[in-house]
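Participant: Under the UniProt record's numbering, the residue at position 161 of the sequence shown is numbered 161, and the numbers go up by one with no gaps.
For every residue, glycine included, the Cβ atom is placed at its ideal position computed from N, Cα and C.
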Amino acid sequence: MNKPHPQVRLLIVDDHPLMREGIAAVMQQQPDMQVIGEAANGVEAVERFHALQPDVTLMDLQMPRMDGLQAIQAIRKQSPQARLLVLTTYQGDIQAWRALKEGAAGYLVKTSMRASLLDAIRAVHAGGRWVPSDIAVDIARHAGDEMLTDREVEVVRHIAQGHSNREVGALLSVTEDTIKARVKSILLKLNARDRTHAVTIALQRGLLQL
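This is how it looks when you write it as structure tokens:
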């Protein structure tokens, strides 16, 4: 008589209850998986992880109190062997790169969960990695690019909100010339034609979440 395979013990972290319920419902149909806990934000995620010690944690990125990247960092600091799979609405390579850099073993966009979630969980649980091929290609393509500074990201965010250079300068308490210099740097780093193009690229790559 064959022994049943041990179940993968899962912690689901997402600030949307319906998303957690939907994932849990899928897991209930898998004989090799068991949901042992849920969390609605990064702070709860860290607490539940340490209390429950799940085999795999499914981690959203955009959450209140503490975001997913911060939670991954906190969990991995205490438990370097933790296996975390990011589930997010953001397909940008920058978000994926940051998550993997912080120690996530996988990155899955929620729109592709139906086709890939179970395989991704099993791969991460087995000690592997899971990164969709299109995101992996984008990460490789931009591997040598110079990253925007936090200040430059802030400038792009204000531009996306419709502010002129002068208005952005006033909001950030710097001169208009300083903002013009930052915009020039932003365009160069993002290989953008103009301010609007820079915002589009920033959104596509996950630098901005509006």
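With a threshold of 16 other CB atoms inside 10 Å of the CB of Met-1, please say whether the residue is buried or exposed.
Facilitator: The predicted model places Met-1 with a pLDDT of 43, which falls under 50 and marks its position as unreliable, so this point remains unresolved.
Participant: Figure out for me which residue from Ile-121, Gln-78 and Leu-171 has the closest Cα to the Cα of Leu-11.
Facilitator: Measuring from the Cα of Leu-11, the nearest candidate turns out to be Ile-121.
Participant: How close, in whole Å, do the beta carbons of Ala-96 and Val-43 come, if the pair is a contact with beta carbons under 8 Å?
Facilitator: At roughly 23 Å, the Cβ-Cβ gap does not stay under 8 Å, so Ala-96 and Val-43 are not in contact.
Participant: Grab the span of the beta strand (DSSP E) containing residue 230 for me, first residue to last.
Facilitator: A query on residue 230 cannot be resolved here, the shown segment of the chain reaching from 1 to 210 and no further.
Participant: For Lys-189, which of Met-66, Ala-143 and Met-59 has the nearest alpha-carbon?
Facilitator: For Lys-189, the nearest C-alpha among the options comes from Ala-143.
Participant: Using only CA atoms, which one of Arg-195, Gln-29 and Ser-185 lies nearest to His-158?
Facilitator: Nearest of Arg-195, Gln-29 and Ser-185 to His-158, Cα basis: Arg-195.
Participant: Going by CA-CA distance only, name the one from Val-86, Asp-119 and Met-33 that's closest to Ala-105.
Facilitator: Comparing Cα-Cα distances from Ala-105 to each of Val-86, Asp-119 and Met-33, the minimum goes to Val-86.
Participant: What residues are listed by DSSP as bridge partners for Trp-130?
Facilitator: Answer is Gly-106.
Participant: Inspect the beta-carbon positions of Leu-69 and Ile-75 and report whether they are closer than 8 Å.
Facilitator: Cβ distance not < 8 Å, so Leu-69 and Ile-75 don't count as in contact.
Participant: Count the other CB atoms, across all protein chains shown, that sit within 10 Å of the CB of Met-63; report buried if there are 16 or more and exposed otherwise.
Facilitator: Flag for Met-63 reads buried.
Participant: When you compare the CB positions of Ile-206 and Tyr-107, do they come within less than 8 Å of one another, or not?
Facilitator: A small correction: the amino acid at residue 206 is Gly; Ile does not occupy that position in the sequence shown. Their beta carbons are not under 8 Å apart, which means Gly-206 does not touch Tyr-107 by this criterion.
Participant: In three-state DSSP terms, what is Met-19?
Facilitator: Note: Met-19 maps to helix in three-state DSSP.
Participant: Between which two residues does the beta strand (DSSP E) containing Gln-9 stretch?
Facilitator: Just to set this straight, residue 9 is Arg in the shown sequence, not Gln. Start and end: 8 to 13.
Participant: From this set, Gly-92, Met-66 and Thr-57, which residue's C-alpha is nearest residue 211's C-alpha?
Facilitator: The requested residue 211 does not occur in the structure, where the chain is confined to residues 1 to 210.
Participant: Can you tell me whether Ala-126 is buried or exposed? The criterion is at least 16 other CB atoms within 10 Å of its CB, across all chains shown.
Facilitator: Exposed, since its Cβ has fewer than 16 Cβ neighbours within 10 Å.
Participant: First and last residue of the beta strand (DSSP E) that includes Leu-148?
Facilitator: Unbroken run through Leu-148: none, as it is neither H nor E.
Participant: Going by alpha carbons, who is nearest to Ile-23 out of Asp-60, Ala-192, Glu-47 and Leu-203?
Facilitator: When only C-alpha atoms are compared, the closest one is Asp-60.
Participant: Residues in its own chain within less than 8 Å of Leu-208 by CB, not counting five upstream and five downstream?
Facilitator: For Leu-208, where only same-chain residues beyond five positions count, the Cβ hits under 8 Å are Val-153, Val-156, Arg-157, Ala-160, Val-199 and Ala-202.
Participant: Can you name, in chain order, every residue of its own chain whose Cβ lies under 7 Å from the Cβ of Lys-110, other than the five neighbours on each side?
Facilitator: The answer, listed in chain order, is Leu-87, Thr-88 and Thr-89.
Participant: Have a look at residue 237 and Ser-116 and give me their C-alpha separation to the nearest angstrom.
Facilitator: The chain is shown only over 1 to 210; residue 237 falls outside these bounds and no answer can be derived.
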